[in-house]
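Student:
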Amino acid sequence: MKQPILTVKNLRTYFYTEDGIVKAVDGVDFEVFQGETLGIVGESGCGKSVTSLSILRILDEKGKIVEGSIIFDGNDLTKISEESMRKIRGKDIAMIFQEPMVALNPVFTIGEQIVEAIVLHQKVDETTAKKMAVDLLRKVGIPEPEKRINEYPHELSGGMRQRAMIAMALSCKPKILIADEPTTALDVTIQAQIMELMKQLQKEYGMAIILITHDMGVIAENADRVVVMYAGKAVEYTDVKTLFNDPKHPYTWGLLHAIPRLDVEQTRLYNIPGIVPNPLKFPSGCKFHPRCEFAQEKCSLEEPELIEVVNGHFVRCFFWEKVEQAKKKEAGDEQ
Amino acid sequence: MRTETKRMIKRLMRNPSAVLGFSLLIFFTIIAIIAPIICPPQSYDPYMIPIATWDKTPQPPTAEHPFGVIDGRDIFYGVIWGTRTAFKVGLIVTLTSTVIGLLIGSVAGYFGGWLDEILMRITDIFLSIPYILAAIVVTAFLGMGLNKVMISLITFGWMATARLIRGNILQVREEQYVLAARALGVSDYLVILKHVLPNTIFPVIIQATMRIGSLVITAAALSFLGLGAPVGYADWGSLLNFARNWLLGASGEAFKYWYAIVYPGTAMVLFVLAWNLVGDALRDVFDPRLRG
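Just so you know, the protein sequences line up as chains B and G, in that order.
When we follow our numbering, the leftmost residue of the first sequence carries the number 712, and every step to the right adds one.
When we follow our numbering, the leftmost residue of the second sequence carries the number 20, and every step to the right adds one.
1. Unbroken alpha helix (DSSP H) runs of length 4 or more, entirely within the segment 731-799 of chain B: which are they?
2. Counting only beta-carbon separations shorter than 7 Å, does Q190 of chain G have a partner in chain B?
3. If you follow the beta strand (DSSP E) that L888 of chain B is part of, which residue opens it and which one closes it?
4. Compare the beta carbon distance of V939 of chain B and T963 of chain B with 7 Å and say whether it is the shorter of the two.
5. Below 8 Å on the Cβ atoms is my guess for Y282 of chain G versus V98 of chain G; work out the distance and round it to an integer in Å.
6. From I807 of chain B to T718 of chain B, what distance separates their C-alpha atoms?
7. On a Cα-Cα basis, can you pick out the residue from G:P249, G:K29 and G:L296 that is closest to S42 of chain G?
8. Quick check on the DSSP output: what are the complete alpha helix (DSSP H) runs of length 4 or more inside the segment 108-155 of chain G, in order along the chain?
9. Taking Cβ-Cβ distances shorter than 9 Å, what residues in chain G pair up with N816 of chain B?
10. Can you check whether the CB of P961 of chain B is closer than 7 Å to the CB of M918 of chain B?
11. Measuring straight from C-alpha to C-alpha, what distance separates Q824 of chain B and R800 of chain B?
12. Given a limit of 9 Å on CB to CB distance, which residues of the segment 871-893 of chain B reach chain G?
13. Between the segment 868-875 of chain B and the segment 902-909 of chain B, can you find at least three pairs of beta-carbon atoms closer than 8 Å?
14. What's the gap between the Cα of G131 of chain G and the Cα of K790 of chain B?
15. Taking DSSP as the reference, what is the three-state secondary structure of I45 of chain G?
16. Could you say which of B:L815, B:E947 and B:L991 lies nearest to F1025 of chain B if we only look at CA atoms?
17. Terminal residues of the continuous beta strand (DSSP E) containing K841 of chain B?
18. Counting only runs that start and end within the segment 936-1005 of chain B, where is the beta strand (DSSP E) found for 3 or more residues in a row?
19. With 16 other CB atoms within 10 Å as the buried threshold, where does R972 of chain B fall?
20. Would you verify that the beta carbon of A828 of chain B is, or is not, closer than 7 Å to some beta carbon of chain G?
21. Taking C-beta pairs closer than 7 Å, name the residues in chain B that V205 of chain G reaches, listed in chain order.
22. Since N218 of chain G contacts V191 of chain G with CB under 8 Å, what's their CB separation in whole angstroms?
23. May I ask which residues mark the beginning and end of the alpha helix (DSSP H) holding I930 of chain B?
24. Assign E772 of chain B to one of two classes, buried (16 or more other C-beta atoms within 10 Å of its C-beta) or exposed (fewer than that).
25. With burial defined as no fewer than 16 other Cβ atoms inside 10 Å of the residue's Cβ, what is the status of D1044 of chain B: buried or exposed?
26. Listing by chain order, which chain G residues have their CB less than 7 Å from the CB of V733 of chain B?
27. Can a CB atom of chain B be found closer than 7 Å to the CB of G131 of chain G?
28. Give me the Cβ distance between T117 of chain G and T180 of chain G, rounded to the nearest whole Å; I'm assuming they're in contact under 8 Å.
29. Return the Cβ separation of L216 of chain G and S147 of chain G in integer angstroms, given the expectation that the two are a contact with Cβ distance under 8 Å.
30. Classify N861 of chain B as buried or exposed, calling it buried when 16 or more other Cβ atoms lie within 10 Å of its own Cβ.
31. For M67 of chain G, which three-state DSSP category applies?
32. By the criterion of Cβ-Cβ separation under 7 Å, what are the contact partners of V813 of chain B in chain G?
Written as structure tokens, this is what we have:
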């Protein structure tokens, strides 16, 4: 069996704020294999971004990883020293951010910033680094890279900036690229271009991508396997085909229902009732039970575990079989 | 040269008060540099104004002493060499206190938490002591002399910078490019130096520039009170201290000893004005909101 390059086990990251403890990530498990794309999907505030910041250990001072392990290359990233962690950041695990508008430093040219990233982890002199930067910019599809390298972030368009960010992240050929909502701030055509570019670079470098998004469409087209998160917990974890064809958690089922369909006449779009709970006052038991149409008394009392219901398909729900019945009934209705 | 730099210089040249400020500053710099040529030193310490006469009453300007004589000393010599003293005090005190303020403020702002709490409370304590009073007490405690004045001015001069830079860093720290730099594996020290400071330093530079002028006034005030430079030292404040006894003029002739105040006073006013105009000009150039 293939060995995962990154294993996250029972990760819990809490923020100790003045108002109390915010359990931003409260039990997330997944594995990342070489060359694959793992999607992490969920509503805003469900802990997807905090998961990625925890992997790189760049949380702010209020955030702490309180439990769990992140195994990379045989080392537990939650336990190694800050110094060794810094050598992994950018070199082995790189990250690109949601807002290319603000993720580049406005006072340096993009060339200077890419050169910084190269010089940081590779023993090359400034001139070589500059040549490498030009090559990288060309590779990510920026026209006239020799000229663009001397331009400031504000002189580039959003798509160009995201390309520059990708060039920076790839400068050390990382094994894992974490992409935190890489296309959310871009318009649809640029989104498609950027995703295409990332796929192409992934093939070329053989790197794994952790794709964080709230967009089910982006997941369907790009991810190999998916973790669905709700209120800081992984609620469902399986490969992308199974997730879309055979969702087993009521939340996933609800999310997929909320996508408008072209093949069926719909008068009103389905939505999951209620709102995401306040992280300071999470409900007892299963965090999803107040919004769940299959909830029973047990759900408010006990917290379900993430269990493997079918081979490679993990669900955090006591009554996942009920979703099966609902699906069958719905399929019957449609016919 | 970068286009941005060219644009800045062009903007500066269009602003008459900026041109005046920079011209004054260049003028003072030249005076300070060629002081030994204008007034060749006559003793082993060039900063000591040579004694022209033992007569203590002020004497009006003559060809030999163009700015007159006070306390037996040539005012012209004192004003010329006093330019060097002014630069020395202004630059050393401002640079040192700004660096201290930057260090404390950036550490407090970037790391936050208990470190921020401790450093900011120390800053508060220093801020709660009246500036001039504290400077007087410390100078009196350390003993007289220009170096002691500078030490006390540095000791009580860094807080504004620390506060300013901390506030700016708190704002910039949340920017995504700082997180992005950390995600690339940049060390905390380099993140502060390369990513945070360049985005927060301009207000500090402007503030420091303006402070150089006002520091010269504070140092002069201490000299005027007799706490600064030793008697006979070429320092505008000391020259004014000599003039203190003759401020009222003679009976019926209020302006009899005008030269004792006007020459060192004018030098000081122009010096402060120069730095303030330069500070204003820098603010106009750096602040993108004021860009036309």
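We treat Cβ as the ideally placed atom computed from N, Cα and C, and that holds for glycine.
Tutor: Inspection of the coordinates gives the following:
1. Every unbroken stretch of the alpha helix (DSSP H) spanning 4 or more residues and falling wholly within the segment 731-799 of chain B is given here in chain order: 759-767 and 793-799.
2. Answer no: the Cβ-Cβ gap between Q190 of chain G and chain B never drops below 7 Å.
3. Bounds of the beta strand (DSSP E) holding L888 of chain B are I887 to D891.
4. In contact: V939 of chain B and T963 of chain B (Cβ atoms closer than 7 Å).
5. That belief holds up - the Cβ atoms of Y282 of chain G and V98 of chain G are roughly 5 Å apart, short of 8 Å.
6. Those two C-alpha atoms are separated by around 20 Å.
7. Ranked by how close their Cα comes to the Cα of S42 of chain G, the residues G:P249, G:K29 and G:L296 have G:L296 in first place.
8. Note on the segment 108-155 of chain G: whole alpha helix (DSSP H) runs with a minimum of 4 residues are 132-146, in chain order.
9. Residues of chain G with a Cβ closer than 9 Å to the Cβ of N816 of chain B are, in chain order, E194, Y196, V197, A199, A200, K213, H214, P217 and N218.
10. At the C-beta level, M918 of chain B and P961 of chain B stay beyond 7 Å of one another.
11. Between the alpha carbons of Q824 of chain B and R800 of chain B lies a gap of roughly 16 Å.
12. Correct list: M876, M879, A880, S882, C883 and I889.
13. Touching, yes, given that three or more Cβ pairs across the two stretches are closer than 8 Å.
14. For G131 of chain G and K790 of chain B, the distance between alpha carbons rounds to 23 Å.
15. In this structure, I45 of chain G counts as helix in the three-state DSSP scheme.
16. Measuring from the Cα of F1025 of chain B, the nearest candidate turns out to be B:E947.
17. Taken as a continuous stretch (DSSP letters only), K841 of chain B belongs to no beta strand (DSSP E), being part of the alpha helix (DSSP H) at E837 to K850.
18. 936-941 and 944-950, all fully within the segment 936-1005 of chain B.
19. The C-beta of R972 of chain B has fewer than 16 other C-beta atoms within 10 Å across all chains shown, which makes the residue exposed.
20. It does; some Cβ of chain G falls within 7 Å.
21. L831, listed in chain order.
22. The pair is a contact, with the Cβ atoms about 5 Å apart (cut-off 8 Å).
23. Counted as a single uninterrupted DSSP element, the alpha helix (DSSP H) harbouring I930 of chain B occupies residues M927 to N933.
24. By the 16-neighbour rule on beta-carbons within 10 angstroms, E772 of chain B is exposed.
25. Exposed, since its Cβ has fewer than 16 Cβ neighbours within 10 Å.
26. None at all; the shortest Cβ gap to chain G is about 17 Å.
27. Interface residue, yes.
28. For T117 of chain G against T180 of chain G, the beta-carbon gap comes to about 5 Å, under 8 Å, which counts as contact.
29. Not confirmed; about 28 Å, so no contact.
30. By the neighbour-count rule (16 or more Cβ atoms within 10 Å), N861 of chain B is not buried but exposed.
31. If DSSP states are grouped into helix, strand and coil, M67 of chain G belongs with the strands.
32. What V813 of chain B touches in chain G: E194, Q195 and Y196.
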